[in-house]
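Here is the structure we will look at.
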Amino acid sequence: MYRSLRSLRRHLRLRPIVGLLLGAMLLPLLGSWYVASATAQQRYTEAAQVPQQRVAIVFGAGVRPDGRLSRMLAERVQAASDLYQAGRVEKLLMTGDNGRVEYDEVTAMKRYATELGVRAEDITLDYAGFSTYESCLRAKDIFGVAEAVLVTQRFHLPRAVYTCQVLGIAATGLGTPDWGIYRDDLLVQYTLRESLATLKALWDVHVTR
């Protein structure tokens, strides 16, 4: 009997801990599901599906020490350039990290876009797009963007579209391929990290904004 009581007490003590652990696992999943559902009608996988907009916002994603774009970033710029060449957008807003003198995502993005045929005068650079939230906020408040198509990988697109929409931009999005293109183990890492980032984004736009 005493052994049963001790086991019961131990079980009762563990229940709150188990509940907290389950909540910690479920919250990011629920947040990601909510954001994906809320933006499903505004996300596209093909350039031809994207409604015409004046501006495409291209999010930074890493530049190598020699100034070359990472593969993900090159594909974002390529997709935005395709939209431009097809007449789906008129201007490109490159937003990324230039927080250090020796590191400049957006100038490298512009250089690659001009190599792909985008006119330099149709490219605007945001040197302080240090996060998706900051990129969306600055696009609205600093650059006066009211409507835009966002260009990024598909795993990142729901958060980007949702964040820009809540901050006041009528945003749609073009998602470049990811699964089947990059290594599965990397995409698992990116997806897990994205679920946490989505939870933070919900907090940022609805609580701390």
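Per my numbering, residue 122 is the first one in the sequence shown, and the count goes up by one each step. Glycine is no exception: its CB is placed at the ideal position from the N, C-alpha and C atoms.
message: Assuming the contact rule is C-beta atoms closer than 8 Å, Ala168 and Asp218 should be a hit. Round their C-beta distance to whole Å, please.
response: The pair is not a contact, with the Cβ atoms about 26 Å apart (cut-off 8 Å).
- prompt: Just how far apart, CA to CA, sit Gln174 and Thr245?
  reply: Straight-line Cα distance between these residues: approximately 15 Å.
Buried versus exposed call for Glu315 [16 or more other C-beta atoms within 10 Å across all chains shown]: With 16 or more Cβ atoms within 10 Å of its Cβ, Glu315 is classed as buried.
- prompt: DSSP beta-bridge partners for Phe180?
  reply: Thr216
message: Which runs of the beta strand (DSSP E) at least 3 residues long sit entirely within the region 223 to 267? Give them in chain order.
response: 244 to 247
- request: Tell me whether Arg197 is buried or exposed, calling it buried when 16 or more other Cβ atoms sit within 10 Å of its Cβ.
  value: Note on Arg197: 16 or more other CB atoms within 10 angstroms of its CB, so buried under the neighbour-count rule.
message: Rounding to the nearest angstrom, what Cα-Cα distance links Phe276 and Gly181 in this structure?
response: 15 Å
Exposed unless 16 or more other CB atoms sit within 10 angstroms - verdict on Ala161: Ala161 is exposed by the Cβ-count criterion.
Nearest candidate by alpha-carbon position, reference Val156, set Trp300, Ala281, Arg189: Ala281
Beta-carbon proximity check, Val287 vs Ile178, cutoff 8 Å: With contacts defined by Cβ atoms closer than 8 Å, Val287 and Ile178 do not form a contacting pair.
Identity of the residues DSSP links to Thr284 by a beta bridge: Paired residue(s): none; Thr284 is not in a bridge.
message: If distances are taken between C-alpha atoms only, which option among Gln274, Lys212, Gly188 comes closest to Thr253?
response: When each option's Cα is compared against that of Thr253, the closest is Gln274.
- request: Use the C-beta contact count for Asp225: other C-beta atoms within 10 angstroms, 16 or more gives buried, fewer gives exposed.
  value: buried
query: So, Ala292 versus Ala269, is the Cβ gap smaller than 8 Å?
result: yes
- prompt: Under three-state DSSP, which class holds Leu142?
  reply: Reliability of the predicted coordinates at Leu142 is poor, the pLDDT of 48 falling under 50, and the value obtained from them is presented with this limitation in mind. Leu142 falls in the helix class under three-state DSSP.
message: Between Thr297 and Ala200, how many whole angstroms is the CB-CB distance? I'm expecting something under 8 Å.
response: About 5 Å separates the beta carbons of Thr297 and Ala200, which is inside the 8 Å limit, making them a contact pair.
task: Within its chain, find whatever has a CB closer than 7 Å to the CB of Leu317; leave out the 5 residues flanking it on each side and keep chain order.
output: Pro149
message: Is Leu271 near the ligand HEM - that is, is its Cβ less than 7 Å away from at least one heavy atom of it?
response: Ligands in the displayed structure: none, and consequently the ligand HEM is not present.
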